[in-house]
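Since the structure comes first, as structure tokens, the remarks are kept for the end.
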Amino acid sequence: MKRYVQTMPNKANITPCHSDNLLSFRKFAIKSGFLLQFLLILIFPVLAQESGMFLKLPISVKASGMGDSFAAIADEPFGVYYNPAGIAFISKPAVSFAHHIYLQDISGNSIGFVSTIGNFSISAAPTIFSMKDEPVYDSFGNATGESFGYKGMIIPITTAFLLGNLAMGSSIRFYSETISNLSDRTIIFDAGGIYKAGNLRFGYASINLEGKLFDYDLLKIQRFSAAYLQDDYLLTIDVKKEGKFGNSLNAGAEFRLADAIKLRSGWRFKENFGGLAFGIGLTLGKLDFDWALLNYGGLGDTYKIGISCWFGSEKKKIDEAKFIEEFTFEPNNFNSLIVRTANMINIAVMDFIGNNVSQTNASIVADILRTELARTEVFNVVDKNKMKSMLTEHEFQAGECVEQKCAIEIGKLLNAQQIVIGSLLRVAEKYYISVTLIDVNTGKVIAYHDIEVSSSKKLKQGCRILAQKLSKR
11 MKRYVQTMPN KANITPCHSD NLLSFRKFAI KSGFLLQFLL ILIFPVLAQE
61 SGMFLKLPIS VKASGMGDSF AAIADEPFGV YYNPAGIAFI SKPAVSFAHH
111 IYLQDISGNS IGFVSTIGNF SISAAPTIFS MKDEPVYDSF GNATGESFGY
161 KGMIIPITTA FLLGNLAMGS SIRFYSETIS NLSDRTIIFD AGGIYKAGNL
211 RFGYASINLE GKLFDYDLLK IQRFSAAYLQ DDYLLTIDVK KEGKFGNSLN
261 AGAEFRLADA IKLRSGWRFK ENFGGLAFGI GLTLGKLDFD WALLNYGGLG
311 DTYKIGISCW FGSEKKKIDE AKFIEEFTFE PNNFNSLIVR TANMINIAVM
361 DFIGNNVSQT NASIVADILR TELARTEVFN VVDKNKMKSM LTEHEFQAGE
411 CVEQKCAIEI GKLLNAQQIV IGSLLRVAEK YYISVTLIDV NTGKVIAYHD
461 IEVSSSKKLK QGCRILAQKL SKR
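For the sequence shown, our numbering begins at 11 and goes up steadily by one.
Now the structure itself:
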């Protein structure tokens, strides 16, 4: 950048400065001083050996409320700024908008969207930063006719895919800066991955892999992250390496109050310019409203506000592999539960119909109910494989026989005295299981029960309760 040196004029030629001009000059000097300090700290960490205006600043409102610790989660449109793999865990299209209020008239706006096709996701999330142009004054408070300002633009295009418990993603980002009358642009590449192991997530992202700005290499950022997720809270921690500047630690948490309110907090452990982060989230139907505050030590506080709209009935993909792992059981164990005696009732359980869940997951819950019915020692449960064989032999299509009349016909073929039909519905994070018990001989409904559980982990408990109710009829 250019540097201007001004020499002192002859004392005799000095004219008195107007007080308004002097006041304007002082305001500009103070504002410029804060701005330069802010830029030097955040953007040029090693005496301008690395460049990249605002590439270090947090973008996601949700992440900001958790101390900017987000690389093991990143499951929202702005998550691509932390780890491009995160959008692979989003199953429904989403659109987000965020407004950023930084220091000394520096502000920005971001808009992002995510679209998914199966296990493949694509996203775009442009951000524009700017500072209000300020007139430049000379040392005597006289306007020079020039102005000083800043504008920056980041446009990331991201793709990601989910393979089992592993998500991989990459981004190409178009980045430009204008500082006063100087401007430059470049192309940046990012890559990252997230692995899910039960309630744990581990993430790694390498940001700003390529690119130069104003003849300097961009500041390269690496994030190593871990998170622990439960239904009512999540904990996350990031180790962040910023070029030659060293490592820093971010940690955060989110707590859910009821289903609609989320409280977030975190801390950025960074010498001089780290500090507290705090955020609030509110969910109303398909809309999420978020607000966050981040403290920059002596420089003051920054604020963010955002809104997201999720299209469809669920936000996140159901982890089918995890679902199966939690609730399946060894076939031998199931068969050992079937003790056929003359006093037991022969019962068949049809595969459940899934609403807002996959048919695979609905069938798994039906399997759980079969096991729990066998444990009651009241029923002889028809083997699932025998049922499938019978359906195939008589040309019944799996999943088509959901009506009472059809179920009765199948029950007779299986020599069952009673048959159960049911469904599994997911609404937000809750599940609803509904079962109907039918007498095969008379065709009458013997019993109808439903139950609500707060998470997938409690489905087994719900099936156990239903089995106990059915066994008492």
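Ideal placement from N, C-alpha and C gives every residue a C-beta, glycine not left out.
1. Going by the beta-carbon positions, is the gap between Ile-431 and Gly-472 smaller than 7 Å?
2. Taking DSSP as the reference, what is the three-state secondary structure of Tyr-487?
3. If we count the other Cβ atoms within 10 Å of its Cβ and call it buried at 16 or more, is Pro-145 buried or exposed?
4. With respect to the alpha helix (DSSP H) encompassing Leu-219, which residues constitute its N-terminal and C-terminal limits?
5. Counting pairs of beta carbons, one from the stretch 101-112 and one from the stretch 311-319, are three or more of them closer than 8 Å?
6. Are the CB atoms of Asn-365 and Leu-435 within a distance shorter than 7 Å?
7. I'd like the list of long-range same chain contacts for Cys-27, defined as Cβ closer than 7 Å, with 5 residues on each side in sequence excluded.
8. Out of Tyr-226, Gly-208, Leu-172 and Ile-189, state which residue places its alpha-carbon closest to the alpha-carbon of Gly-202.
9. Using beta-carbon positions only, say whether Gly-221 and Leu-229 come within less than 7 Å of one another.
10. Starting from Gln-369, trace the beta strand (DSSP E) in both directions and tell me its first and last residue.
11. Going by other Cβ atoms of all chains shown within 10 Å of its Cβ, with 16 needed for buried, is Pro-341 buried or exposed?
12. Identify whether Val-71 lies in helix, strand or coil by the three-state DSSP scheme.
13. Are the stretch 455-473 and the stretch 386-404 touching by the rule of at least three beta carbon pairs closer than 8 Å?
14. Indicate the three-state DSSP secondary structure (helix, strand or coil) for Gln-427 in the structure shown.
15. Phe-428: buried (16+ other C-beta within 10 angstroms of its C-beta) or exposed?
16. Counting only runs of 3+ residues fully inside the stretch 142-209, write out the beta strand (DSSP E) ranges in chain order.
17. Provide the residue(s) that pair with Asn-484 in DSSP beta bridges, ordered along the chain.
18. Specify the secondary structure class of Gln-240 as computed by DSSP and reduced to three states.
19. So for Gly-421, helix, strand or coil by DSSP?
20. Measure from the alpha carbon of Leu-273 to the alpha carbon of each residue in Lys-280, Val-90 and Gly-289, then state which is nearest.
21. If we call anything under 7 Å between Cβ atoms a contact, is Thr-169 one with Ile-132?
22. Within 10 angstroms of its Cβ, does Ala-358 collect 16 or more other Cβ (buried), or is it exposed?
23. Give the range of the alpha helix (DSSP H) segment to which Lys-479 is assigned.
24. Whose C-alpha, out of Ser-373, Phe-299 and Arg-380, is nearest the C-alpha of Leu-447?
25. Where does Ser-399 fall in DSSP's three states?
26. Buried or exposed for Ser-466, going by 16 or more other Cβ atoms inside 10 Å?
27. Per the DSSP calculation, Gly-276 is bridged to which residue(s)?
28. Measure the CB-CB distance between Ile-231 and Ile-217 and report whether it falls below 7 Å.
29. Less than 7 Å between the beta carbons of Val-391 and Ala-384, yes or no?
30. Are the stretch 150-166 and the stretch 179-197 in contact at 8 Å, needing three or more beta carbon pairs?
31. Less than 7 Å between the beta carbons of Ile-420 and Gly-453, yes or no?
32. Which word fits Ala-270, buried or exposed, when buried means at least 16 other C-beta atoms lie within 10 angstroms of its C-beta?
33. Does the stretch 89-102 come close enough to the stretch 257-271 to have 3 or more Cβ pairs within less than 8 Å?
34. Can you grab the Cα-Cα spacing for the pair Asn-345 / Leu-244, in whole Å?
35. Which value, in whole angstroms, describes the spacing of the CA atoms of Gln-478 and Gly-96?
36. What's the C-alpha gap between Gly-159 and Lys-142?
The short version:
1. no
2. Because the chain spans 11 through 483 in this model, residue 487 falls outside it and cannot be assessed.
3. Label assigned to Pro-145: exposed.
4. From DSSP, Leu-219 is part of no alpha helix (DSSP H); its letter is neither H nor E.
5. yes
6. In this structure, Asn-365 lies closer than 7 Å to Leu-435 by Cβ.
7. The pLDDT assigned to Cys-27 is 41, lower than 50, so where the model puts this residue is not dependable, and the model offers no usable value.
8. Leu-172
9. no
10. Note, Gln-369: premise wrong, no beta strand (DSSP E); alpha helix (DSSP H) at 369-385.
11. Residue placement at Pro-341 cannot be trusted, given a pLDDT of 41 that sits under 50; what the coordinates show is reported in the next sentence. Per the 10 Å Cβ criterion, exposed.
12. helix
13. no
14. coil
15. In the sequence as presented, Phe is not what sits at residue 428; that position holds Gln. Per the 10 Å Cβ criterion, buried.
16. Here the runs fully enclosed are 153-173, 176-189 and 192-207.
17. There is simply no residue 484 to check, as the chain begins at 11 and stops at 483 in what is shown.
18. coil
19. helix
20. Gly-289
21. Yes, these two residues count as a Cβ contact at 7 Å.
22. The residue is buried, with at least 16 neighbouring Cβ atoms inside 10 Å.
23. 469-481
24. Of Ser-373, Phe-299 and Arg-380, the smallest CA-CA separation from Leu-447 is found for Arg-380.
25. Residue state, collapsed to three classes: helix.
26. In this structure Ser-466 is buried. Its beta-carbon is surrounded by 16 or more other beta-carbon atoms within 10 angstroms.
27. Gly-262 and Ala-287
28. yes
29. With respect to the 7 Å criterion, Val-391 and Ala-384 are classified as neighbours on the basis of their beta carbons.
30. yes
31. no
32. Exposed.
33. In short, these stretches do not touch, since the Cβ pair count stays below three.
34. Note on Asn-345: pLDDT 46, under 50, position unreliable in the model; the coordinate value appears next. For Asn-345 and Leu-244, the distance between alpha carbons rounds to 39 Å.
35. 41 Å
36. 6 Å
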